[in-house]
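Quick note, the working numbering runs 78 ahead of the 1-based positions in the sequence shown.
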Amino acid sequence: MHLADPEAKIYVAGHRGMVGSAVVRRLKAAGYTNLVMRTSSELDLRDGRATQAFFETEQPDFVVMAAAKVGGILANDQYPADFLYDNVAIEQSVLHAAHATGVQRTIFLGSTCIYPKHAPQPMPEDSLLTGPLEPTNQWYAIAKITGHKLCEAFHRQHGDDMLTLMPTNLYGINDNFDLETSHVLPALLRKFHEAHQQGDAPVTLWGSGTPKREFLYADDLADAVRFVLEQPASEIRDVAPDGMLNVGVGEDLSINELATLIQDVVGHEGAITHDRSKPDGTPRKLVDVSRMNALGWTAQTGLREGIQQTYDWYRAHEGELVG
Ligand code: GFB
79 MHLADPEAKI YVAGHRGMVG SAVVRRLKAA GYTNLVMRTS SELDLRDGRA
129 TQAFFETEQP DFVVMAAAKV GGILANDQYP ADFLYDNVAI EQSVLHAAHA
179 TGVQRTIFLG STCIYPKHAP QPMPEDSLLT GPLEPTNQWY AIAKITGHKL
229 CEAFHRQHGD DMLTLMPTNL YGINDNFDLE TSHVLPALLR KFHEAHQQGD
279 APVTLWGSGT PKREFLYADD LADAVRFVLE QPASEIRDVA PDGMLNVGVG
329 EDLSINELAT LIQDVVGHEG AITHDRSKPD GTPRKLVDVS RMNALGWTAQ
379 TGLREGIQQT YDWYRAHEGE LVG
């Protein structure tokens, strides 16, 4: 089955999450009609036998691995066993089943927290494993490094076409808006929105506000997934011999600058304070996107535009999201 064939059977693991749902939207819009999906209650991907049986029955041609245990800086620090065990278990099951059933190409999704805490900026793919990790998210990072290394090992030993996309910090519709477990962007959208409704009450940011982050709209990552699915393997390996491709926008901003931008989108006019008892995490993690650029892909959604779209979606779904 050819990659660009609209009948190609593509299994999107984690289709209910922010990334998986964006991938499904993008693939459908591109004309792919034969998508396979399972909820976590229908198929527990940590269960290797059940996952193998599912692959044997469905025989997908392609796999997009968007299923993962994810969360913000505090959740990563508070639930280390879940972030390490669940993610490694999912990766083992899915990548082995993809290998055993002859999947033509698997796209695994990593995260830029796999790079060393003090990696050169912007961080190239080959800075992987050149220094110590940021301690708050080391558990998740080690799981994602394991997933990538499994892809590299299956490729090296068996020739499997397994690639890893390393997206920078993501945001978008279907994000997690829980204030304890979410990432900074959805947390700040909700905090500024609720403070605005309360007569522009003050908003508290975690940490110093000085760390810098790069934000990629989930629908842009989904487009990168579609793009990579459609590229010939030889062209990808020419620019990425290790099968790793960073996906980002190429610029970052401080958490304080992000807060000001979100405040403006929401129309909040109150004060901003800092809770310095909360962790800052890594000081900066801008990714080097030259490999994806060399293949011909760049992100399309500006940060303000993406925040506005996410905010519109949040307001339309606020009742079900925050109960
Ligand atoms: O997005 P975030 O939780 O994760 O936090 P990381 C980014 C920065 O925003 C940190 C600050 O410096 C936080 O202290 N921040 C300010 C806030 N206010 C808030 C708030 O209300 N909520 C949150 N969550 N942060 C995660 C990793 O790191 O990024 C994961 O832990 C993963 O493993 C993910 O890699 C993409 O960018 O620091």
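Here a beta-carbon is modelled for each residue, glycine too, at the ideal position from N, C-alpha and C.
Proximity to Phe-293 across His-395, Phe-186, Gly-384 and Trp-391 peaks at Gly-384, based on C-alpha coordinates. Arg-304 is a Cβ neighbour of Arg-104, given a cutoff of 8 angstroms.
CA-CA distance, Tyr-249 to Leu-339, rounds to 15 angstroms. One thing to note: Val-325 has its Cβ within 8 angstroms of the Cβ of Met-370. In this structure, the beta-carbon distance from Glu-212 to Lys-195 falls below 8 angstroms.
What you get when you keep residues with a C-beta closer than 5 angstroms to any heavy atom of the ligand GFB is Gly-150, Ile-151, Asn-154, Ser-189, Cys-191, Asn-215, Tyr-218, Asn-247, His-261, Val-262, Ala-265, Leu-283, Trp-284, Gly-285, Pro-289, Ile-333, Asp-358 and Gly-359. Membership of Pro-245 in the beta strand (DSSP E) is indicated by the continuous run 240–245. Of the residues assessed, His-236 falls on the exposed side of the cut-off, its CB having fewer than 16 other CB atoms within 10 angstroms. With the rule of 3 Cβ pairs closer than 8 angstroms, the region 172–183 does not count as touching the region 339–359. In the three-state DSSP reduction, Ala-107 falls in the helix class (H, G or I). The three-state secondary structure of Ser-368, taken from DSSP, is helix. Counting along the chain, no beta strand (DSSP E) covers His-196, and no H or E run does either. Here Asn-112 carries a coil assignment [DSSP, helix/strand/coil].
Residue nearest to Arg-354 within the set Thr-208, Gly-285, Gln-137 and Ile-88 is Gly-285 (criterion: CA-CA distance).
Bounds of the beta strand (DSSP E) holding Ile-185 are 183–187. Its chain contains His-177 and Phe-232 as the residues whose beta carbon lies nearer than 6 angstroms to that of Asp-238, once the 5 sequence neighbours on both sides are disregarded; these appear in chain order.
In this model, Glu-85 and Ala-108 are separated by some 12 angstroms (Cα to Cα). Per DSSP, the unbroken alpha helix (DSSP H) holding Thr-338 starts and ends at 333–344. Its Cα nearest to that of Glu-230, the residue Arg-315 stands out among Asp-164, Ile-151, Arg-315 and Thr-208. Per DSSP, reduced to three states, the secondary structure at Lys-290 is strand. Looking at the backbone, the Cα of Gly-126 and that of Tyr-193 are separated by about 28 angstroms.
The three-state secondary structure of Trp-375, taken from DSSP, is coil. Ranked by how close their Cα comes to the Cα of Met-240, the residues Leu-266, Arg-183 and Leu-206 have Arg-183 in first place.
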